[in-house]
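Q: Mind having a look at this structure? Questions to follow.
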Amino acid sequence: MHVKLTTSGGRRYVQLVESYRDEAGQVKKRTVATLGRAEQVDGSLDAVINGLLKITGR
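Residue numbers (UniProt numbering): 1 to 58.
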């Protein structure tokens, strides 16, 4: 998984994206979650990031 910045309607959004392979073996990406507008992201994502790090043991 990785974090991706996307633009839609002139606004930037933070998304959590994962890569996977389809039945034909082609690499695809899917959005797992949209975490909000990049302009509004402050310290509120710190808890999410820390939780993900804790789950992965890092």
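Backbone N, C-alpha and C fix where the C-beta goes; we use that ideal spot for every residue, glycine too.
1) With H, G and I counted as helix, E and B as strand and the rest as coil, what does DSSP make of E18?
2) For M1, which of L53, A38, E18 has the nearest alpha-carbon?
3) Starting from A47, follow the beta strand (DSSP E) in both directions and report where the run begins and ends.
4) Quick one: give me the first and last residue of the beta strand (DSSP E) that V3 is part of.
A: With the structure as the only source:
1) strand
2) E18
3) Careful: A47 lies outside any beta strand (DSSP E), inside the alpha helix (DSSP H) at 46–56.
4) 2–8
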